[in-house]
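Engineer: In terms of full-length UniProt numbering, the sequence shown opens at residue 1 and continues consecutively.
From the three backbone atoms N, C-alpha and C, an ideal C-beta is built for every residue, glycine too.
Predicted, not measured: the structure shown is a model, and the values here were computed from it.
Okay, handing you the structure first.
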Amino acid sequence: MVAASELTYDTSATAEQLAQTIFGDGVSVESASYTGDPLSSAIYSGGDALARDATPSDTGVIFSTGRAADYTNSTGDANQSASRTTNTGGPNDVAEFNAAAGTRTFDASFLDVEFIPTGDTLTMQFVFASDEYPEFQDSVFQDFVGVWVNDEFVELGIGTGDTDPGNINDGENQNLYLDNSDSDFNTEMDGLTVTLTLKVDVNPDQINTIRIGIADVSDAAFDSSLLIAADSVQTSLVANQDIVHVDPDGSKTVDVLANDESSSGNVLTITHINGQRIEVGETITLGTGQDVMLNEDGTLTLVGDGDAEDFNFTYTVADGDNTDIGFVEASTIPCFVAGTLIETPNGLRRVEDLAVGDLVRTRDHGDQPIRWAGNRTVTAQGRMAPIRIAKGALGNTRDLWLSPQHRVVLSDARAELLFGEDEVLIPAKALLNDQTVTRRPGGWVTYVHLMFDDHQIIFANGLASESFLPGDQTSRLFDPAVLEEICAIFPELDPKTGAGYGSAARRVLRGYEGRVVTAVA
């Protein structure tokens with residue numbers, strides 16, 4: 001338990017001052033406006049000395065659904081209330097926030113900025129903190145951060161894509177979460193994230209727009225805060241996300257700096273793992289049990305702890321002028337569970353019995369030959385546990401088991417109503433409802449993935465679902481031998497980007513769009 005110590009807050013800062021504080025190299029601010037209660041935004045300072053683990057930098061900007069200055073206390077314990085609530089004068093039912101949340105929002109606090117970038121990728125470092133933790137992290141009260149660039153919602157590169165208690169907590173993406181129930185960190189909030197990052201494409205050398213803010217969801221109770229690091233909204237140093245596979249009982253060395261970009265031309269150096277300072281030769285143990293060691297050549301060695309599970313963490317990179325945060329995600333491949341019956345011209349066949357050259361019936365292009373097939377057996381625990389779609393829940397003829405990331409076709413009235421499409425693709429995990437679509441941990445599970453000349457819609461236990469679609473994660477999802485095999489079959493495929501294979505067979509819903517679907521189910 002730590003004692004309270006108040007940060008310095010300037011709640012009189014103008015919109016221009018707020019923008020100039022958070023925007024950094026490679027960006028010029030053209031105009032700025034703030035919407036919200038005057039006491040719900042501030043420039044804070046003193047973070048390094050007073051609340052290093054609860055702030056993304058020594059100084060920055062804070063937006064709150066309550067009072068910005070209530071993020072810390074001046075005396076007593078750091079966290080004194082489990083339900084800090086201030087019903088502010090911030091606007092309710094802002095259209096963009098309501099659309100992203102899929103329901104009503106309250107007490108919004110946000111900044112609109114017109115800016116001109118020199119680079120084509122914008123990055124931002126921030127911390128999300130909330131008194132909705134931990135009691136309401138699985139509820140409809142999902143206070144969340146909203147960022148829109150050129151009117152497009154920007155997703156977090158982790159989990160559902162949402163920055164809210166439901167996506168980052170002690171059970172989901174837990175390495176990115178800090179529990180403050182016992183007042184271990186100098187903030188009034190009951191839970192918070194490590195410093196996170198957003199990445200988004202922008203149009204260089206012309207005016208772009210951004211909206212950055214936070215809102216209460218479903219009611220105005222229990223405050224949440226968004227803290228943005230000073231000078232972190234920039235285009236000069238960008239740490240791009242890495243997706244890797246680590247054997248549960250093995251290790252893997254990853255060059256996470258290889259895809260990072262710096263306009264300075266300086267040497268890139270890793271300084272932190274999950275916000276913890278690290279030096280060459282040192283090891284950080286993640287909350288999920290895996291070890292991360294920094295090597296002399298700047299690579300990271302990841303060592304499994306024997307558990308087959310997805311995990312992620314952040315690293316901080318510096319080039320002498322700027323810093324940025326990158327995500328590393330050990331991720332599964334969207335695939336079918338062994339035993340699934342696939343429709344073929346010769347009747348139903350178990351997915352694990354299919355081989356290269358076998359014909360499979362597709363929704364759009366008749367019978368198509370399998371070009372590549374692979375499988376992987378893991379323990380069905382945590383985020384590796386399969387999703388069970390009960391018989392008849394989506395028109396399937398029997399229970400269907402899929403990996404959480406595997407997308408199925410949604411073709412009911414919701415697709416047309418919400419997205420103007422007859423059919424859309426939605427990941428199985430976005431359909432979880434604790435009734436007909438459930439996560440089923442326990443034992444072992446064999447995942448099987450199928451790949452065709454193009455992305456196809458095929459029928460699994462009577463339900464239309466997708467084949468494997470390579471993307472920008474392909475080069476990091478597969479071991480070198482498997483990647484070599486895939487690239488030999490598809491010589492035009494760029495494993496770093498997914499280019500050269502073709503587009504998705506249907507519109508693919510993003511994380512927040514999937515949540516909208518379940519909200520109207």
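DSSP state of N274, grouped into three classes?
Structural biologist: coil
Engineer: With the cut-off set at 9 Å, would you say V445 and T377 are in Cβ contact?
Structural biologist: Less than 9 Å divides the Cβ of V445 from the Cβ of T377.
Engineer: By Cβ distance below 7 Å, which residues in the same chain neighbour T75 in space, the five residues on each side in sequence not counted?
Structural biologist: A4
Engineer: Near D412, what residues of its chain come up, given a Cβ to Cβ distance below 8 Å and the 5 sequence neighbours on each side ignored?
Structural biologist: none
Engineer: So, for Q20: in the same chain, excluding its five sequence neighbours on each side, which residues have a beta-carbon less than 7 Å away from its beta-carbon?
Structural biologist: V29
Engineer: Do the segment 209-228 and the segment 120-136 touch if we need at least three Cβ pairs shorter than 8 Å?
Structural biologist: yes
Engineer: Report the three-state DSSP secondary structure of T195 (helix, strand or coil).
Structural biologist: Looking at T195 - three-state DSSP - the assignment turns out to be coil, as it is neither helix nor strand.
Engineer: Would DSSP call Q174 helix, strand or coil?
Structural biologist: helix
Engineer: How far does the beta strand (DSSP E) with D216 in it reach, from first residue to last?
Structural biologist: N208 to V217
Engineer: Report the partner residues of N375 according to the DSSP bridge assignment.
Structural biologist: V448
Engineer: Roughly how many angstroms separate the alpha carbons of T160 and L359, rounded to a whole number?
Structural biologist: 34 Å
Engineer: Is it buried or exposed for H455, if we count other Cβ within 10 angstroms and need 16 for buried?
Structural biologist: It counts as buried.
Engineer: Suppose you measure from the CA of T269 to the CA of N295; what does that come to, to the nearest Å?
Structural biologist: 11 Å
Engineer: Tell me the rounded alpha-carbon separation between N346 and R439.
Structural biologist: 32 Å
Engineer: Applying the criterion that 16 or more other CB atoms from any shown protein chain within 10 Å of the CB defines a buried residue, is H365 buried or exposed?
Structural biologist: That one is exposed.
Engineer: So, helix, strand or coil for K429, using DSSP?
Structural biologist: helix
Engineer: Identify whether P165 lies in helix, strand or coil by the three-state DSSP scheme.
Structural biologist: Here P165 sits in coil by DSSP.
Engineer: Between which residues of its own chain and D120 is the CB-CB distance below 8 Å, once the five residues before and five after are set aside?
Structural biologist: Sequence-distant partners of D120 (beyond 5 residues in either direction) whose C-beta falls short of 8 Å from its own C-beta, in its chain, are D201, V202, N203, P204 and T235.
Engineer: In whole angstroms, give me the CA-to-CA distance for Q241 and G157.
Structural biologist: 8 Å
Engineer: If you scan the UniProt region "Disordered" (73-93) from start to end, which runs of the alpha helix (DSSP H) of 4 or more residues do you find wholly inside it?
Structural biologist: DSSP runs (the alpha helix (DSSP H)) wholly in the UniProt region "Disordered" (73-93): none.
Engineer: Around the Cβ of N433, are there at least 16 other Cβ atoms within 10 angstroms (buried) or fewer (exposed)?
Structural biologist: Here N433 is exposed. Its C-beta has fewer than 16 other C-beta atoms within 10 Å.
Engineer: Am I right that G116 and L227 are in contact with their C-beta atoms under 8 Å? What's the rounded C-beta distance?
Structural biologist: For the sequence presented, residue 116 should be read as Ile rather than Gly. About 25 Å; that fails the 8 Å criterion.
Engineer: According to DSSP, simplified to helix, strand and coil, what is N396?
Structural biologist: In the displayed model, N396 falls within coil according to three-state DSSP, outside both helix and strand.
Engineer: According to DSSP, I370 sits in a beta bridge with which residue or residues?
Structural biologist: Looking at the DSSP assignment, I370 forms no beta bridge with any residue, so it has no partner.
Engineer: Ordered along the chain, which non-local residues of its own chain (more than five positions away) have a Cβ less than 6 Å from that of S318?
Structural biologist: Looking at the sequence itself, residue 318 is Ala, so the reference to Ser does not match. The answer, listed in chain order, is T269 and T271.
Engineer: Evaluate contact between the segment 171-178 and the segment 283-292, counting only Cβ atoms and requiring at least three cross-stretch pairs below 8 Å.
Structural biologist: Proximity of the segment 171-178 to the segment 283-292 meets the contact definition, three or more beta-carbon pairs being nearer than 8 Å.
Engineer: Nearest by alpha-carbon distance to G191: which of G47, S81 and H449 is it?
Structural biologist: S81
Engineer: Less than 8 Å between C-beta atoms, sequence neighbours within five positions excluded: which residues of the same chain meet that for E492?
Structural biologist: If you ignore the 5 residues before and after E492, its C-beta comes within less than 8 Å of the C-beta of G500 and Y501, all in its own chain and listed in chain order.
Engineer: How far does the alpha helix (DSSP H) with Q17 in it reach, from first residue to last?
Structural biologist: A15 to I22
Engineer: Is the beta carbon of I214 closer than 9 Å to that of V145?
Structural biologist: yes
Engineer: Any idea if P386 is buried or exposed, counting beta-carbon neighbours within 10 angstroms, 16 or more meaning buried?
Structural biologist: buried
Engineer: Terminal residues of the continuous alpha helix (DSSP H) containing N98?
Structural biologist: A95 to A101
Engineer: Compare the Cα-Cα distances from D170 to each of A428, F311 and S12 and report the closest residue.
Structural biologist: Among A428, F311 and S12, the Cα nearest to that of D170 belongs to F311.
Engineer: If you follow the alpha helix (DSSP H) that D48 is in, where does it begin and where does it stop?
Structural biologist: G47 to L50
Engineer: Would V448 and V337 qualify as a contact pair, given that the criterion is a beta-carbon distance under 9 Å?
Structural biologist: Cβ distance < 9 Å, so V448 and V337 count as in contact.
Engineer: Using three-state DSSP, classify A505 as helix, strand or coil.
Structural biologist: Assigned with DSSP and collapsed to three states, A505 falls in coil, not helix or strand.
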